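In what follows, a single structure is set out as structure tokens and then discussed.
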Amino acid sequence: MNYLRFFSSLKSQFPSLLIKKNFILAPLTTLKIGGPADIFIQTSTNQQLIKVLKYIFNCRSLKSPITILGNGSNVLISDSGIRGIVIKNTSSNIKILPNISTPLNTNTPTHHLSTRHAEYHPKQYLSLKNKDYDESGCPQVLVQLDAGTPLPYAINHLIKKGITGLQWFAYIPGQIGGAIWYNIHGGNHHISEYIHKITLYNQRTQKLETIPATNFKWNYDTSPFQKKPHLIILSITLKLYKGNTTKAKNIIKEWITQKSKIQPTNSAGSAFKNLPEKTTVPIWGQHKPTGWIIDQQLKLKGKQIGGAKISEKHANFIVNTGNATAKDYLKLTKLIQQQFKKHWNINLPLEIKPLGQF
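Right, here's the structure in full:
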């Protein structure tokens, strides 16, 4: 593909947008690892994003993959970068919709998955189990958020407006779109519990679609979009509450205090998923999170390859000590996976998403 020619065409068609060639992506990630995108485009509204996607689609000679990059957390970008076009959409509108006259049906709770949420700490699990509370009796409110909205900003903005429900997801650095794509969890909750409907752009049909959340199947750190890359999330309508903001603020404060003590920031987040109880209980007698197994059973906390290191704070986090490469990071993950396979015949799944060629 002649990216140089197409780059010039894009610049001419969208003069107001940030469009770069051979753009280094590492600074756009929380891990600070990653090579260049052939072409990088930043849009600031959903309308801009749709126009760009339609323009790319209509260039029949262009057979280029498109990657949508959010806040850059939970991803590992290859040292050689990402081929094709990378788009970062920063559209961040928040709209509080009119009051709900008739209460909406609540989505299926995901508390049955909560044991997989446990995180390792040398003395205790990181948990809000005893502080969890039910807000379903509070007045409901629908809030529409653009996919590019930073999650921390959304939480704080809505709390100021008297709206609660997202407090469980404090200290997660992603954007709303990424939160939905991963179906993030916080405390004993998944964000899918709060989704009312999702507005998507279908790259195959070139049409907008608004689909109820109940039409999709959700699971632990899993959404339907992970297997449907042609569906691009534009906005989400969440079903939240006019709840007790003082209580919600206390949860946010405690959650941030706990997490900041044991979770390093120079990482992509948890490297691996926690295993289900049916896997851990027969081996250890009770559920054990991945970080505990890596630390207490494999004794790998502090293990370093190149500039990548298994965090001293939390063994399910791999940190960049300053000069780590994606290759270093993957070598550590493979070492851990090999040990799980060797000792317990367990195939340990990654939680982070590799992007690019490895």
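Going by our numbering, 289 is the number at position 286 of the sequence shown; the sequence numbering is gapless. Even glycine gets a Cβ: it sits at the ideal position worked out from N, Cα and C. Small disclaimer: the values here were computed from a predicted structure and weren't measured.
Could you pull out every residue in the same chain whose Cβ sits closer than 7 Å to the Cβ of Thr-118, ignoring the five residues on either side in sequence? For the purposes of this step, residue 118 is taken as the residue at position 115 of the sequence shown. Reliability of the predicted coordinates at Thr-118 is poor, the pLDDT of 48 falling under 50, and the value obtained from them is presented with this limitation in mind. Excluding positions up to five away in sequence, the list reads Glu-280 and His-290.
Any chance you could list the beta strand (DSSP E) runs of at least 3 consecutive residues sitting entirely within the segment 204-272, in chain order? 210-215 and 234-244
Could you compute how far the alpha carbon of Thr-328 sits from the alpha carbon of Pro-176? Along the sequence shown, one-based indexing puts residue 328 at 325. Along the sequence shown, one-based indexing puts residue 176 at 173. Each residue's alpha carbon lies about 22 Å from the other.
What does the Cβ neighbour count give for Lys-312, buried or exposed, with the cut at 16 atoms within 10 Å? Position 309 of the sequence shown, counted from the start, is the residue given in the question as residue 312. Buried: at least 16 other Cβ atoms inside 10 Å.
Can you tell me where the alpha helix (DSSP H) with Phe-343 in it begins and where it stops? As a working note, residue 343 is residue 340 in the sequence shown. It spans 329-347 - the alpha helix (DSSP H) in which Phe-343 sits, taken as one unbroken run.
Measuring CA to CA, which of Ala-173, Ala-216 and Gln-16 is closest to Asn-253? As a working note, residue 253 is residue 250 in the sequence shown. Among Ala-173, Ala-216 and Gln-16, the Cα nearest to that of Asn-253 is on Ala-173.
Tell me which same chain residues have a C-beta within less than 8 Å of the C-beta of Leu-243, skipping the five on either side of it? The residue given as residue 243 occupies position 240 in the sequence shown. Result list for Leu-243: Gln-143, Val-144, Leu-145, Val-146, Leu-161, Ile-166, Thr-167, Gly-168, Leu-169 and Tyr-197, in chain order.
To the nearest angstrom, report how far apart Leu-338 and Ile-321 are at their CA atoms. Here residue 338 is taken as the residue at index 335 of the sequence shown, counted from 1. Here residue 321 is taken as the residue at index 318 of the sequence shown, counted from 1. One C-alpha to the other measures close to 12 Å.
Taking just the CA atoms, how far does Phe-361 sit from Leu-333? Along the sequence shown, one-based indexing puts residue 333 at 330. Along the sequence shown, one-based indexing puts residue 361 at 358. For Leu-333 and Phe-361, the distance between alpha carbons rounds to 9 Å.
What does DSSP give as the partner residue(s) for Lys-23 in the beta ladder? Translated into positions along the sequence shown, residue 23 becomes position 20. In the DSSP output, where bridge partners are listed per residue, Lys-23 has Phe-43.
Helix, strand or coil at Ile-321 according to DSSP, with G and I counted as helix: Locating residue 321 in the sequence shown gives position 318, counting from the first residue. Three-state DSSP puts Ile-321 in a strand.
How about Ser-94 and Thr-32: do their beta carbons lie closer than 8 Å? What you label residue 94 is simply residue 91 of the sequence shown in a count that begins at 1. What you label residue 32 is simply residue 29 of the sequence shown in a count that begins at 1. For Ser-94 and Thr-32, no; Cβs fall outside 8 Å.
Taking the beta carbon of Pro-101 as the centre, do at least 16 other beta carbons fall within 10 Å, making it buried, or is it exposed? Translated into the one-based positions of the sequence shown, residue 101 becomes position 98. Looking at its Cβ environment, which holds fewer than 16 other Cβ atoms inside 10 Å, Pro-101 is exposed.
Leaving out the 5 sequence neighbours to the left and right, which residues in its chain are closer than 8 Å to Ser-270 when beta-carbon positions are compared? By 1-based counting over the sequence shown, the position of residue 270 is 267. Result list for Ser-270: Thr-33, Leu-34, Ser-314, Phe-320, Ile-321, Val-322 and Asn-323, in chain order.
Taking 8 Å as the cut-off, decide whether the C-beta atoms of Ile-85 and Leu-28 are in contact. Residue 85 sits at position 82 when you count from the first residue of the sequence shown. Residue 28 sits at position 25 when you count from the first residue of the sequence shown. In this structure, Leu-28 lies closer than 8 Å to Ile-85 by Cβ.
Beta-carbon separation of Lys-330 and Asp-137 under 8 Å? For the purposes of this step, residue 330 is taken as the residue at position 327 of the sequence shown. For the purposes of this step, residue 137 is taken as the residue at position 134 of the sequence shown. Result no, Cβ atoms of Lys-330 and Asp-137 do not sit closer than 8 Å.
Limits of the alpha helix (DSSP H) - the one that Pro-155 falls within: By 1-based counting over the sequence shown, the position of residue 155 is 152. First-last of the alpha helix (DSSP H) with Pro-155: 154-163.
Classify Pro-357 as helix, strand or coil using the three-state DSSP reduction. Here residue 357 corresponds to residue number 354 of the sequence shown, with the count starting at 1. In this structure, Pro-357 counts as strand in the three-state DSSP scheme.
Can you have a look at Asn-92 and say buried or exposed, based on whether 16 or more other CB atoms are within 10 angstroms of its CB? For this step, residue 92 is matched to residue 89 along the sequence shown. So Asn-92 ends up on the buried side.
Which of helix, strand or coil DSSP assigns to Phe-275: Position 272 of the sequence shown, counting from 1, holds the residue named residue 275. If DSSP states are grouped into helix, strand and coil, Phe-275 belongs with the strands.
What are the boundary residues of the beta strand (DSSP E) that includes Ala-311? As a working note, residue 311 is residue 308 in the sequence shown. Residues 311-313.
So, is Ile-259 buried or exposed, given that buried needs 16 or more other C-beta atoms within 10 angstroms? Position 256 of the sequence shown, counted from the first residue, corresponds to residue 259. By the 10 Å Cβ count, Ile-259 comes out exposed.
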